[in-house]
Amino acid sequence: MKAAIWLYFLLLIFEGAIRKWLLPSLSNPLLIIRDPIAIWIYITARQKGYLKFNVYSFLMIVAGLLGIFTAVTSGHGNFYVALFGARIYVLQFPLIFAVAKIFDWTDVVKMGIALLWISLFMTVLIGVQFYSPQSAFINIGVGGDVTGAGFSGALGYFRPPGTFSFTTGVTTFYGMVAAYIFYFWFHPAYINRILLIAATAGLLIAIPFSISRSLFFQVAISIVFSVIASWRKPKYIGRMLAGGLVVFFLYLLMRNQSFFATSTEAFNARFEGANEAEGGVNAVITDRFLGGMLGAIENAPNMPFFGYGIGMGTNVGSNLLTGQSAFLISEQEWGRIIGEMGLLLGFVIILVRIAVVIKLARDSIRHLRTTDSLAWMMVGFCAVNVLQAQWGQPTSLGFSVLGAGLSFAALNMPEEDDDIEEENDAEEEITDEVFSEAADS
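So the mapping is simple: the numbering used here equals the position in the sequence shown, first residue as 1, plus 16.
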C-alpha cells in the first residue's frame with residue numbers, strides 16, 4: 017500500500033508529462049490515471065483494517081452518490097458528467113484517511129526529500145519553458161496541442177506548466193515544496209545540507225519563473241506558519257534566521273543574473289498589473305478567498321435546490337456537455353460546489369472540507385508542542401487547498417488529497433522515538449554552532 021501511495025505521488029507530478037510528451041493520443045483517459053490507484057488503496061486499506069468508519073468520508077460519499085442521482089433526474093442529465101464529478105467525493109476524498117493510516121512520520125519525511133530532488137529538475141524545466149516559444153516541443157500541450165501549454169503571463173512571457181498539464185500544477189507543486197523546505201530548515205539534520213540549499217535556491221528562482229501570484233502567496237503562508245512555529249518553539253528562531261540568511265545570500269548572488277532579472281521583471285509586471293486591475297492586494301485576497309466564499313453563499317438562494325448537476329462545473333463536464341472548456345457555473349470553488357450540488361448537498365461538502373481543515377490545524381498545533389513541526393508546516397500548504405482549491409481540476413484535487421493525507425500521517429510518530437530524539441539533540445548542536453559562526457562572521 018505504501019508503494020501504491022508513492023505511485024500516486026509520482027503520477028500526480030508526471031501525469032501531465034505523459035499526456036503531453038509520451039502518450040498524447042491517450043491524454044483523455046490518462047486524465048483519471050490516478051483513480052484506479054486510489055480505488056485499490058482504498059479497498060485494500062479497508063480489507064486490512066486500516067480504514068474505519070469516519071464521518072467525513074461517509075458524508076462525502078453519500079453526497080457524491082446523491083449528486084449522481086440529482087444530476088441525472090433534475091440537473092444536466094448526463095450520467096458520465098455526473099460520474100466524473102462524483103469521483104471527487106467517492107473515490108478521491110477518502111484517500112486522505114487511507115494515507116493518514118498507511119504512512120507515518122518517516123514516510124512523510126522521505127516523500128519530502130524526494131520532492132526536493134524533483135524540484136531541482138522542475139526548476140530547470142520551467143526555466144527552459146519560460147524562455148522557449150510556445151511552438152517548442154518543451155511547451156507542447158496535452159494531446160499534442162501545438163499552440164502550447166503555457167498560460168498568459170506578462171511582457172510577452174507565458175506561465176510555464178512544468179511537467180503538468182496546466183500552470184496550476186506548478187503553483188501547487190512548489191507550494192508543497194515550500195512547506196517542506198521551511199520544515200527542513202527547522203530540522204536540517206534530516207536532510208543533506210547541499211540538497212536543502214539547492215532546493216531553496218530553486219524555489220527562489222521558481223517564484224518569478226512561474227509568474228504566479230498564487231505561488232507567491234503560498235510561500236508567504238509558509239512563512240507565516242514558520243513564524244507561528246517559532247513562537248510556539250523558540251529553539252526554531254535561530255534556525256529560521258539561519259535559513260533567512262541563506263535566502264538573502266542566494267538572492268544577492270542571483271539578482272544581477274540575466275535569467276533571474278528577466279523573470280523577476282515579468283513577475284513584477286504581472287503582479288502589479290493584475291493587482292491594479294482587481295483593485296489592489298487587499299481586494300485580490302478578499303475576492304479570491306473570502307469573496308469566493310461569501311459570493312457563493314449569497315448566490316445560493318438563486319440556484320436550483322439540487323443544483324445544475326454534479327460535474328457540470330468542471331472542464332471535463334463542460335467539454336462533454338458543450339464541446340468546449342468553460343466555467344459553466346463558477347470559476348470559484350465554493351460557487352462551483354453550490355452551483356452543481358445545490359444548497360443542501362453543497363453546504364454539506366463545504367462544511368466537511370472546513371471540518372477537515374479545523375481538525376488538521378487542531379491536531380498539528382498539539383503535535384507542534386510535543387514533537388516537531390512537520391504536520392504543522394504541511395497544514396500551511398494544504399489548508400487553503402482543502403478549503404478553496406478547484407477540485408474539479410485533477411491536479412489540484414490530487415495535491416489537496418495527498419497534502420491532507422500527509423498532514424495527518426505526520427502525526428504518526430514511528431516507534432523508534434529514542435533515535436529521533438537523539439537526532440533532534442544532534443541537530444540542535446549542529447544548527448546552533450553553524451548559526452553562531454554565521455552571526456560572528
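Yeah, the Cβ is synthetic: ideal placement off N, Cα and C, and Gly gets one too.
For this session: Measure the alpha-carbon distance for E445 versus A194 and round it to whole angstroms.
Result: The count along the sequence shown starts at 1 and reaches residue 445 at position 429. The count along the sequence shown starts at 1 and reaches residue 194 at position 178. Caution applies to E445, whose pLDDT of 49 falls short of 50 and renders its modelled position unreliable; the value that the coordinates give is listed next. Taking the CA atoms as reference points, E445 sits about 25 Å from A194.
Problem set entry | Reduced DSSP category for F167 - H, G, I as helix; E, B as strand; rest coil | As a working mapping, residue 167 is identified with position 151 in the sequence shown. It is a strand residue.
Problem set entry | Endpoints, the alpha helix (DSSP H) within which F397 is located | As a first step, residue 397 is located in the sequence shown; it is residue number 381 there, counting from the start. For F397, the enclosing alpha helix (DSSP H) begins and ends at 390-404.
Exercise. Can the beta-carbon of S412 be found closer than 8 Å to that of T89?
Worked result: Position 396 of the sequence shown holds residue 412. Position 73 of the sequence shown holds residue 89. It is not a contact, given that the beta carbons lie outside the stated cut-off.
For this session: Tell me whether F264 sits in a helix, a strand or coil according to DSSP, three-state version.
Result: Stepping through the sequence shown from its first residue, residue 264 is reached at position 248. Helix, per DSSP.
Exercise. To the nearest angstrom, how far is it from the Cα of I55 to the Cα of L107?
Worked result: Position 39 of the sequence shown, counted from the first residue, corresponds to residue 55. Position 91 of the sequence shown, counted from the first residue, corresponds to residue 107. Going from the Cα of I55 to the Cα of L107 covers about 6 Å.
For this session: Note down, in chain order, each residue of its chain lying with its Cβ closer than 8 Å to the Cβ of V81, except the 5 sequence neighbours on either side.
Result: Counted from its first residue, the sequence shown places residue 81 at position 65. Reading the sequence as shown, one finds Leu at residue 81 and not Val. Hits under 8 Å: A102, V106.
Problem set entry | Residue-chain proximity (T387, chain C), Cβ-Cβ < 8 Å | Looking at the structure shown, chain C is missing, and only one protein chain is on hand.
Exercise. How many Å lie between K36 and F180 at the Cα?
Worked result: Counted from its first residue, the sequence shown places residue 36 at position 20. Counted from its first residue, the sequence shown places residue 180 at position 164. Cα-Cα distance, rounded: 9 Å.
Exercise. Going along the chain, which unbroken runs of the beta strand (DSSP E) with 3 or more residues stay wholly within the stretch 122-210?
Worked result: Runs of the beta strand (DSSP E) lying entirely within the stretch 122-210, each at least 3 residues long, are 167-170, 173-175 in chain order.
Exercise. What is the DSSP secondary structure of I366, reduced to helix, strand or coil?
Worked result: Here residue 366 refers to the residue found at position 350 when the sequence shown is read from its first residue. Of the three classes helix, strand and coil, the one that applies to I366 here is helix, per DSSP.
Problem set entry | At least 3 beta-carbon pairs within less than 8 Å: the stretch 366-386 vs the stretch 138-158 | Note that the stretch 366-386 does not touch the stretch 138-158; fewer than 3 beta-carbon pairs, one per stretch, sit closer than 8 Å.
Exercise. Cα separation between I237 and G396?
Worked result: Your numbering for residue 237 matches position 221 in the sequence shown. Your numbering for residue 396 matches position 380 in the sequence shown. Whole-angstrom Cα-Cα distance: 6 Å.
For this session: Please report how far the alpha carbon of M328 lies from the alpha carbon of R175, in whole angstroms.
Result: Here residue 328 refers to the residue found at position 312 when the sequence shown is read from its first residue. Here residue 175 refers to the residue found at position 159 when the sequence shown is read from its first residue. Across the structure, M328 and R175 are spaced so that their CA atoms are roughly 27 Å apart.
For this session: Could you say which of I326, Y58, N208 lies nearest to F95 if we only look at CA atoms?
Result: Locating residue 95 in the sequence shown gives position 79, where the first residue counts as 1. Measuring C-alpha to C-alpha distances from F95 to each of I326, Y58, N208 identifies I326 as the nearest.
Exercise. Are there 16 or more other CB atoms within 10 angstroms of the CB of N155, so buried, or fewer, so exposed?
Worked result: Position 139 of the sequence shown, counted from the start, is the residue given in the question as residue 155. Buried, by the Cβ-count rule.
Exercise. Does the stretch 343-355 come within contact of the stretch 414-429, defined as at least 3 CB pairs closer than 8 Å?
Worked result: Between the stretch 343-355 and the stretch 414-429 there are fewer than three inter-stretch CB-CB distances shorter than 8 Å, so the stretches are not counted as touching.
Exercise. What's the gap between the Cα of F283 and the Cα of T139?
Worked result: Counting from 1 along the sequence shown, the entry for residue 283 is found at position 267. Counting from 1 along the sequence shown, the entry for residue 139 is found at position 123. If I take the Cα positions, the gap works out to 16 Å.
Exercise. Given a threshold of 16 other Cβ atoms within 10 Å of its Cβ, counted over all protein chains shown, does R248 qualify as buried or as exposed?
Worked result: Here residue 248 is taken as the residue at index 232 of the sequence shown, counted from 1. Label assigned to R248: exposed.
For this session: Go through its chain and collect everything with a Cβ distance to Y5's Cβ below 7 Å, but skip five positions before and after it.
Result: The requested residue 5 is not part of the displayed model; the chain covers only 17 to 457.
Problem set entry | Residue from A170, A258, S168, L231 with nearest C-alpha to F200 | Along the sequence shown, read from residue 1 onward, the residue named residue 200 stands at position 184. Ranking A170, A258, S168, L231 by Cα distance to F200 puts A258 first.
For this session: Write down every uninterrupted run of the alpha helix (DSSP H) in the stretch 24-93 whose length is 4 residues or greater and which is fully enclosed by it, in chain order.
Result: Runs of the alpha helix (DSSP H) inside the stretch 24-93: 50-63, 71-90.
Exercise. V78 to F153, Cα distance in whole Å?
Worked result: Your numbering for residue 78 matches position 62 in the sequence shown. Your numbering for residue 153 matches position 137 in the sequence shown. Taking the Cα positions, V78 is about 44 Å away from F153.
Exercise. Cβ atoms of L27 and R50: under 8 Å apart, would you say?
Worked result: Along the sequence shown, read from residue 1 onward, the residue named residue 50 stands at position 34. Along the sequence shown, read from residue 1 onward, the residue named residue 27 stands at position 11. It is a contact, given that the beta carbons lie within the stated cut-off.
Problem set entry | W72 versus Y58, F85, P110, Y267, residue with shortest Cα-Cα distance | Position 56 of the sequence shown holds residue 72. Position check: residue 72 holds Tyr in this sequence, whereas Trp was assumed. If we check each option's Cα against that of Y72, P110 comes out closest.
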